[in-house]
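Below is one structure, written out as structure tokens, with a few remarks after it.
In the working numbering, the protein residues as written are 60 to 468.
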């Protein structure tokens, strides 16, 4: 391996909790887009019982201290297994890996309401278990460091967006369509290297749609594959206006949200509203899909710099594979090219796992890995807690004693 490059495994289970995504990639200290074109991506679906346990952690009636304690250990085992599978799929052994970087599973996220407030967040998936099972030094629990500095702990993807996709003279927007949608507005370097990169969660994306599809199909389908159901429906414009009358959608960036606001309770209420209006199932999905498109487009327009109009929106995440969502967005930002990260050599479903590989790569080197203007933090920080693996001393020697001298005991 070239000097200074690390082989990193990135892991995440997103808000939809449908499985664990893993990537294996070699990264230098300051990666460019060319450094990630050869990454290996592997998806491990959560089994029904595992997914049920994760969803039980979202509800106060079942999320007892003993339950969360056990789930943290169990998730550590599941993430460790996913890491080992990803390593094997890359044709490597654990001894070939320098760092595992794990986001874990978010079970609660409570961002600050006002500047000066402190937020809290909880991701489970014990990194000590991952380090023990793999033997590899593991970095995890990233978001809390940004929150300690006054940030929202999200969107963290602006770090990847800024490093890999920022342009010299034109504005580009990176869009992630996971359970929740989020954007990063990247002003051109001609505006200054430190020009604010504005980021925010736009609102619900796949999470509400997936819940409603599961309800409408009696669990036979967990998502609107290819956007077919929504595409076959008609948007109820009156109901859409009511749905968009939401304080969160009007709030300025930085802002973050999640399952606490747009989870099962919200989805059930929206489905009941659609049924009370006598709408066919496909019309309900078409209208919710249009809501996602409208909230994304609204935040893009509102946060674009005046002197450099947006020329391209690059989408990633599972929703980027839903033509109905993509069409709903495109209809509201005419003249702007809408592309996907796949066109730039990154699989849409791999982007968030790649993000955590990049965050872990920076953290283990002691480098800042946040964009404070995106999260609302007072300053950039080095996020991530490090659990040494069997390779820790040799890794530290390579990074900080390249002359071959051993680290002090």
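Note that the Cβ used here is the ideal one computed from N, Cα and C, for glycine as well.
Next on the checklist: Measuring only the C-alpha atoms, how far is residue 468 from residue 254?
Outcome noted: If you number the chain shown from 1, residue 468 lands on position 409. If you number the chain shown from 1, residue 254 lands on position 195. Reliability of the predicted coordinates at residue 468 is poor, the pLDDT of 49 falling under 50, and no value is obtained from them.
Item to check | Exposure label - residue 211; buried when at least 16 CB within 10 Å | outcome: Translated into the one-based positions of the chain shown, residue 211 becomes position 152. Counting other Cβ atoms within 10 Å of its Cβ, residue 211 reaches 16 or more and is therefore classed as buried.
Next on the checklist: Report the start-end ranges of each beta strand (DSSP E) in the segment 379 to 413 that is 3 residues or longer and not cut off at the edges.
Outcome noted: With a minimum length of 3 residues, the continuous beta strand (DSSP E) runs that stay inside the segment 379 to 413 are 396 to 399.
Checklist entry - Can we say the segment 408 to 421 touches the segment 204 to 224, given the rule of at least three CB pairs closer than 8 Å? => result Touching, yes, given that three or more Cβ pairs across the two stretches are closer than 8 Å.
Checklist entry - Should residue 282 be flagged as near chain C, meaning a C-beta pair shorter than 7 Å? => result Checking the listed chains, one finds no chain C in this structure; it contains a single protein chain.
Next on the checklist: Across the segment 61 to 80 and the segment 153 to 163, are there enough close Cβ pairs to call them in contact, namely three or more that are closer than 8 Å?
Outcome noted: Yes, they touch.
Item to check | N- and C-terminal bounds of the alpha helix (DSSP H) containing residue 433 | outcome: Taking the first residue of the chain shown as 1, we reach residue 433 at position 374. The continuous alpha helix (DSSP H) containing residue 433 extends over residues 431 to 434.
Checklist entry - Is it buried or exposed for residue 148, if we count other Cβ within 10 angstroms and need 16 for buried? => result Against the chain shown, residue 148 aligns to sequence position 89. So residue 148 counts as exposed.
Checklist entry - Going along the chain, which residues of its own chain have a beta-carbon closer than 6 Å to the beta-carbon of residue 61, five neighbours each way excluded? => result To locate residue 61, count along the chain shown from 1; it is residue 2. Low confidence applies to residue 61: its pLDDT is 49, below 50, so where it sits in the model is not reliable, and the reading given next is rough at best. Within the same chain, residue 61 has no close Cβ partners at all.
Checklist entry - Using the C-alpha atoms, what's the distance from residue 384 back to residue 461? => result Walking along the chain shown from the start, residue 461 turns up at place 402. Walking along the chain shown from the start, residue 384 turns up at place 325. C-alpha separation (whole angstroms): 49 Å.
Item to check | Backbone secondary structure at residue 185 - three-state DSSP | outcome: For the purposes of this step, residue 185 is taken as residue 126 along the chain shown, with counting starting at 1. If DSSP states are grouped into helix, strand and coil, residue 185 belongs with coil.
Checklist entry - How is the alpha helix (DSSP H) around residue 78 delimited, first residue to last? => result The residue labelled residue 78 in the question sits at position 19 within the chain shown. For residue 78, there is no enclosing alpha helix (DSSP H); the enclosing beta strand (DSSP E) covers residues 78 to 86.
Checklist entry - Could you give the residue range of the beta strand (DSSP E) that holds residue 173? => result Residue mapping note: residue 173 aligns to position 114 of the chain shown, counting from 1. Element bounds for residue 173: n/a, residue is neither H nor E.
Checklist entry - CA-CA distance, residue 475 and residue 360? => result The chain is shown only over 60 to 468; residue 475 falls outside these bounds and no answer can be derived.
Checklist entry - Start and end of the alpha helix (DSSP H) containing residue 65? => result Start at 1 with the first residue of the chain shown, and residue 65 comes out as number 6. DSSP places residue 65 outside any alpha helix (DSSP H); the residue lies instead in the beta strand (DSSP E), whose first and last residues are 65 to 72.
Next on the checklist: For residue 378, count the other beta carbons within 10 Å of its own beta carbon; 16 or more makes it buried, fewer makes it exposed. Which is it?
Outcome noted: Here residue 378 is taken as the residue at index 319 of the chain shown, counted from 1. So residue 378 ends up on the buried side.
Item to check | Length-filtered (3 minimum) beta strand (DSSP E) runs lying within the segment 248 to 334 | outcome: For secondary structure counted as the beta strand (DSSP E) over 3 or more consecutive residues, the segment 248 to 334 holds these complete runs in sequence order: 257 to 263.
Next on the checklist: Extract the residue ranges of the beta strand (DSSP E) inside the segment 438 to 466, only unbroken runs of 3 or more that lie entirely within it.
Outcome noted: When DSSP assignments are scanned along the segment 438 to 466, the uninterrupted stretches of beta strand (DSSP E) that are 3 or more residues long and fall wholly within it turn out to be 444 to 446.
Checklist entry - With contact counted as at least three CB pairs below 8 Å, one residue from each stretch, are the segment 257 to 266 and the segment 309 to 323 in contact? => result Result yes; three or more Cβ-Cβ pairs closer than 8 Å.
Item to check | Coil, strand or helix - residue 241 by DSSP | outcome: Residue mapping note: residue 241 aligns to position 182 of the chain shown, counting from 1. The answer is strand: DSSP assigns residue 241 an E or B state.
Checklist entry - Using the beta-carbon count (16 or more within 10 Å), is residue 358 buried or exposed? => result Walking along the chain shown from the start, residue 358 turns up at place 299. Per the 10 Å Cβ criterion, buried.
Next on the checklist: Here's the rule: buried if 16 or more other CB atoms are within 10 angstroms of the residue's CB, otherwise exposed. What is residue 83?
Outcome noted: Start at 1 with the first residue of the chain shown, and residue 83 comes out as number 24. So residue 83 ends up on the buried side.
Item to check | Residue nearest to residue 289 in terms of C-alpha spacing, selected from 299, 175, 349, 90 | outcome: The count along the chain shown starts at 1 and reaches residue 289 at position 230. If we check each option's Cα against that of residue 289, 349 comes out closest.
Checklist entry - Heavy atom of the ligand MG less than 6 Å from the Cβ of residue 156, yes or no? => result Only the bare structure without any ligand can be found here, which leaves the ligand MG out of the picture.
Next on the checklist: Looking at residue 370: is its Cβ nearer than 7 Å to the Cβ of residue 152?
Outcome noted: Along the chain shown, one-based indexing puts residue 370 at 311. Along the chain shown, one-based indexing puts residue 152 at 93. Not a contact, by the Cβ cut-off of 7 Å.
Checklist entry - With a Cβ-Cβ cutoff of 7 Å, do residue 63 and residue 90 count as a contact? => result The sequence position of residue 63 within the chain shown is 4, counting from 1. The sequence position of residue 90 within the chain shown is 31, counting from 1. No, the Cβ-Cβ distance between residue 63 and residue 90 is not below 7 Å.
Item to check | Extent of the continuous beta strand (DSSP E) to which residue 231 belongs | outcome: For the purposes of this step, residue 231 is identified with residue 172 of the chain shown, where counting begins at 1. 230 to 236 is the extent of the beta strand (DSSP E) around residue 231.
Checklist entry - Are the CB atoms of residue 67 and residue 341 nearer to each other than 7 Å? => result Taking the chain shown and counting its residues from 1, the one referred to as residue 67 is at position 8. Taking the chain shown and counting its residues from 1, the one referred to as residue 341 is at position 282. Not a contact, by the Cβ cut-off of 7 Å.
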